[in-house]
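Taking it in order: structure first as structure tokens, then the write-up.
Protein chains in written order, with my numbering: chain A, 1 to 129; chain B, 1001 to 1231; chain C, 2001 to 2274.
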């Protein structure tokens, strides 16, 4: 998985989101040991202090825990991971609705559209296939 | 813990004022971008910190001391121009650095040369401008200094080398050391910076952390820079 | 750190000089061979053995003179170039960020410059010795030298060594002062924003002229103001010569101090690399 930093939002927040995503999608399994801050920072091409801040934030969210001597680990508590997963899903959906509203769709229209796409009736999709 | 401090720092060349009444404190353990358009006084500031220039008024101190032998031993300065003798081989200049800087790590330098495919027995005059800049940066970053002053470190190198250089900067400095990078190519280095100092016409116009700017203005530092210094 | 600066300065300049000294030695030996074969009695009657020998001798002598001239010019040029280029052009960015004191930078350059000047003179002496070897007897030379010492002693009642030492000191100090004059001129040139090399030349010429004027005034004024007969009455010729030599040494010493501090002041307070 590649790190991706886009232009406008705080970098540490983007790092938090991307590590979240890695945990949810299983790139990092529960109980995995994380690389050192320096290595992670180098890997992502960001400042170590920023990575440190992101990890601190993840610790605050209980997704990551630190063991004083041996480093940082991914939480083994599945519940926490599920909650974050849910929160992320809600966030994505909210953003989606926001954008659709900008395009002028009502709630019902959006839902029917989703169904259509799901059933493969989208015209664009048909031409591509 | 402050590594660099400037108080009412002013430098003028004849009637031309290059820096005017600059006050700034740089803590240890940070990577700072010194950002400003051409001719804004970035280089002058770094030269004053290195001791290549003497302030007209005010003072600048490194770890509490005015630039001199003591501070030069712990600051690693990358000039904006290539200053290496053409007749020297890369290995000669490594020997030179090893002689004069106690904190120079020969093995680190040789490894980096190898990683960038530079032959240590090549003479500098046979190298391209970009390669020379790389050699110079390798020398500078192979020291374990307390303050790195890098004047336009990524000006003339290709994107691949630029990534390598930025990684070198992130990984090579100690936790109690700080790095000041002057540049106008902000987008390239933004994500490795902790703090930024905007400088314009010899005056500091803004100091902030990168994430503060992104939070406050909803813009990257590069975006903000383009807006502030719009021509 | 002075030792390290000295070492690297020798390394940087040696690569120019060593090949030239090598060339001089080879040419000297070659010329000597040509002389021995082509004109064995050269030092007594200056006649080549034949037209071919004459041409070969002509060529080797021309080359010899060219190399010697080049050596002297190069010594002078390198002294200037190492100071100017290494400290005041791009290379200065490296030199002035080294953890060394300004006086160490100046002194390392001065000592190495002086060293090469001395080596240059020595090489010339050695070369001429090789060339003329065989045309005189060492015994006679030693005898002549001994004679000169005893003659001098009986005539002036002092050892020739004293005068020779004073002369050597005078030459050394004046060599140092001429190198420092170059350094000071180059430094003064750096005070200008443009045309710094030209300004350095200007500074050199102006300083030289001013010194000339001062010396002339002294030479004219002293005899006018002081009654030389009184000053030198009871002083023999050799004493007067000593006065002159040591006076010159002292004046040059004063100039050395002046040029040195001028250079150091500019380098410390008004350094402004392009």
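Think of the CB as a built atom: it goes at the ideal place given N, C-alpha and C, for glycine as much as any other residue.
The structure displayed is predicted, hence computed values, not measured ones.
Min CB distance residue i to chain E below 8 Å
| i | result |
| --- | --- |
| residue 1108(B) | Absent here is chain E; the protein component of the structure consists of chains A, B and C. |
Reduced DSSP secondary structure (H/G/I, E/B, other) of residue i
| i | result |
| --- | --- |
| residue 1143(B) | strand |
| residue 49(A) | helix |
| residue 1018(B) | strand |
| residue 2097(C) | coil |
| residue 1172(B) | helix |
| residue 2054(C) | helix |
| residue 2204(C) | helix |
| residue 1217(B) | helix |
| residue 1024(B) | strand |
| residue 1(A) | coil |
| residue 128(A) | For residue 128(A), the predicted model reports a pLDDT of 46, less than 50, meaning its position is unreliable and no value from the coordinates is stated. |
| residue 2278(C) | Nothing can be reported for residue 2278(C), as the shown portion of chain C is limited to 2001 through 2274. |
| residue 1163(B) | helix |
Residue i at chain B interface by Cβ criterion, 8 Å
| i | result |
| --- | --- |
| residue 45(A) | yes |
| residue 9(A) | yes |
| residue 2019(C) | no |
| residue 42(A) | yes |
| residue 2276(C) | Coverage of chain C is limited to positions 2001 through 2274, which leaves residue 2276(C) absent and any answer about it impossible. |
| residue 19(A) | no |
| residue 4(A) | no |
| residue 48(A) | yes |
| residue 2008(C) | yes |
| residue 2239(C) | no |
| residue 72(A) | no |
| residue 12(A) | yes |
| residue 2273(C) | yes |
| residue 38(A) | yes |
| residue 2100(C) | yes |
| residue 2084(C) | no |
| residue 2090(C) | yes |
Cβ-Cβ separation, residue j to residue i (assumed contact under 8 Å), whole Å
| i | j | result |
| --- | --- | --- |
| residue 2008(C) | residue 1096(B) | 6 Å |
| residue 2110(C) | residue 2179(C) | 6 Å |
| residue 1079(B) | residue 2084(C) | Rounded, the Cβ-Cβ distance is 18 Å, inconsistent with contact. |
| residue 2071(C) | residue 2020(C) | 6 Å |
| residue 1189(B) | residue 1181(B) | 6 Å |
| residue 1183(B) | residue 1136(B) | Going by Cβ atoms, the distance from residue 1183(B) to residue 1136(B) rounds to 15 Å, so no, they are not a contact pair. |
| residue 2246(C) | residue 2166(C) | 6 Å |
| residue 54(A) | residue 12(A) | 5 Å |
| residue 1055(B) | residue 1010(B) | 7 Å |
| residue 1064(B) | residue 1176(B) | Not confirmed; about 14 Å, so no contact. |
Distance between residue j and residue i (C-alpha atoms, nearest Å)
| i | j | result |
| --- | --- | --- |
| residue 1205(B) | residue 1012(B) | 19 Å |
| residue 1061(B) | residue 1050(B) | 10 Å |
| residue 1023(B) | residue 50(A) | 26 Å |
| residue 85(A) | residue 1170(B) | 32 Å |
| residue 2256(C) | residue 2173(C) | 8 Å |
| residue 2209(C) | residue 2200(C) | 14 Å |
| residue 2078(C) | residue 2113(C) | 8 Å |
| residue 2016(C) | residue 2104(C) | 23 Å |
| residue 78(A) | residue 18(A) | 18 Å |
| residue 2053(C) | residue 2038(C) | 5 Å |
| residue 1020(B) | residue 1036(B) | 15 Å |
| residue 2074(C) | residue 2182(C) | 15 Å |
| residue 30(A) | residue 46(A) | 25 Å |
| residue 1155(B) | residue 1016(B) | 26 Å |
| residue 1199(B) | residue 2088(C) | 28 Å |
| residue 2204(C) | residue 2263(C) | 13 Å |
Residue-level contact to chain C via CB, residue i, 8 Å cutoff
| i | result |
| --- | --- |
| residue 1085(B) | yes |
| residue 1130(B) | no |
| residue 1072(B) | yes |
| residue 1081(B) | yes |
| residue 1173(B) | no |
| residue 957(B) | Outside the displayed span of chain B (1001 to 1231) sits residue 957(B), for which this structure offers no information. |
| residue 1099(B) | yes |
Neighbour flag for residue i against chain A, beta carbons, 8 Å
| i | result |
| --- | --- |
| residue 1009(B) | no |
| residue 1214(B) | yes |
| residue 1058(B) | no |
| residue 1024(B) | no |
| residue 1219(B) | yes |
| residue 1188(B) | no |
| residue 1003(B) | no |
Unbroken beta strand (DSSP E) runs of length 3 or more, entirely within the segment 17 to 86 of chain A: which are they?
64 to 67, 71 to 74
Unbroken stretches of the beta strand (DSSP E), 3 residues or longer, contained in the segment 1082 to 1155 of chain B
1147 to 1151
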